[in-house]
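Working notes, structure below.
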Amino acid sequence: MTDDRAALRGLLASGAPLTWVLTGDSITHGLIHTRGARNYVDHLHELIRGDLGRVQDAVINTAITGWRADLILDDFDRRVAHWRPDVVTLMIGTNDCTTQWLDPVIETAEFASSVTDFVRRVRALGAVPVLQTPPTADLRHAPDRARIGEFAQAIRDVSTREGVILVDQFAAFAEFSAGTGPGNDDIAWGLLDDAFHPSAAGHALLALGLAEELGLGLPDSRVRTDLAARVALARHPAWPPA
19 MTDDRAALRG
29 LLASGAPLTW
39 VLTGDSITHG
49 LIHTRGARNY
59 VDHLHELIRG
69 DLGRVQDAVI
79 NTAITGWRAD
89 LILDDFDRRV
99 AHWRPDVVTL
109 MIGTNDCTTQ
119 WLDPVIETAE
129 FASSVTDFVR
139 RVRALGAVPV
149 LQTPPTADLR
159 HAPDRARIGE
169 FAQAIRDVST
179 REGVILVDQF
189 AAFAEFSAGT
199 GPGNDDIAWG
209 LLDDAFHPSA
219 AGHALLALGL
229 AEELGLGLPD
239 SRVRTDLAAR
249 VALARHPAWP
259 PA
């Protein structure tokens with residue numbers, strides 16, 4: 019089985035310019051819900067081309083709002099292959115899991131098959147795949163996304179079977195929400211702009227998860243320090259609000 023972590027370390031150590039492609043749905047697209055702030059792809063760009071000084075690297079965002087794993091496979095050449103990537107990340111599942119807006123509804127096994135196909139196509143390009151689970155959702159206001167935890171688990175299972183680097187954003191959001199108040203322990207209030215789109219603070223947490231798993235940013239990284247401060251503020255916001 020491919021050792022993707024070793025391959026990524028080798029790429030970073032080589033000094034050769036790398037092309038990073040990040041794809042997925044509206045969460046990676048990263049518009050509107052950050053309210054003008056940077057999304058997690060923007061933060062990754064600053065970590066790679068700023069903190070790490072990899073100025074010849076290219077960081078490309080090909081995500082599209084509303085997309086699903088099957089749609090990305092159908093447009094794989096434009097979304098991924100066209101850019102001749104070295105590293106490809108996929109965050110998907112928030113739209114795939116809905117039970118109201120798709121006919122027919124996508125089953126978990128079908129979704130897992132699409133994610134597996136994606137991983138294998140990325141590897142066929144000679145690139146390193148990275149999977150991300152989607153963040154948690156406020157199911158009280160988005161009941162059609164009730165299966166999102168199952169779809170996050172499907173991504174974990176694919177990661178295990180295929181030996182893929184996994185960034186478990188679902189778990190990070192779930193951990194953040196613990197202790198936020200009686201009846202609220204399942205909702206990461208401070209990280210969401212609506213029922214399932216991360217806010218600016220949510221994107222800071224997404225970026226921190228990627229940076230940690232991929233080994234990006236120095237221990238004293240000013241970017242990672244700033245991102246951590248944004249997440250801490252979201253957990254304990256200033257009061258009264260401005």
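The numbering of the sequence shown is this note's numbering, which starts it at 19 and goes up by one.
Glycine is no exception: its CB is placed at the ideal position from the N, C-alpha and C atoms.
Quantities reported herein were computed from a predicted structural model and do not represent experimental measurements.
Asked, Found
"May I ask which residues mark the beginning and end of the beta strand (DSSP E) holding T41?", "37-42"
"Could you give the distance in angstroms between the alpha-carbon of A34 and the alpha-carbon of R97?", "23 Å"
"Nearest CA to the CA of A4: which residue from P103, E168, L234?", "Residue 4 falls outside the range modelled here, since the chain spans only 19 to 260, and no answer is possible."
"Could you say which of D162, V185, A164 lies nearest to I173 if we only look at CA atoms?", "V185"
"If distances are taken between C-alpha atoms only, which option among T243, S217, E125 comes closest to R56?", "S217"
"Just the C-alpha distance for V77 and L223, rounded to the nearest angstrom, thanks.", "19 Å"
"From E231 to A81, what distance separates their C-alpha atoms?", "21 Å"
"Just verifying my parser: in three-state terms, what is the DSSP assignment at P161?", "helix"
"Quick check on this structure: which residue in D212, A130, M109, T126 has the alpha carbon closest to the alpha carbon of E180?", "A130"
"Drop a sphere of 10 angstroms on the beta-carbon of Q74, count the other beta-carbons inside from all chains shown, and report buried for 16 or more, exposed for fewer.", "exposed"
"Would you mind reading off the limits of the beta strand (DSSP E) that contains L184?", "183-185"
"Using 10 angstroms around the beta-carbon of R27, count the other beta-carbons present and answer buried if the total reaches 16, otherwise exposed.", "exposed"
"Can you give me the Cβ contacts of V39 inside the same chain, cut-off strictly under 7 Å, excluding the 5 residues immediately before and after it?", "I78, T80, V98, W101, P103, V106"
"Alpha carbon to alpha carbon, how far is D69 from G84?", "32 Å"
"Could you tell me the distance, in whole angstroms, from the CA atom of M19 to the CA atom of A247?", "Since pLDDT at M19 reaches only 48, below the 50 mark, its modelled position is unreliable, and no value is offered."
"In its own chain, which residues sit with a C-beta less than 8 Å from the C-beta of F188, not counting the 5 before and 5 after it?", "T151, P152, P153, T154, I166, G167, A170"
"Nearest by alpha-carbon distance to A219: which of T37, V146, Y58 is it?", "Y58"
"Nearest-angstrom Cα distance between T46 and M109?", "7 Å"
"Return the CA-CA distance between L89 and D135, expressed in angstroms with no decimal places.", "12 Å"
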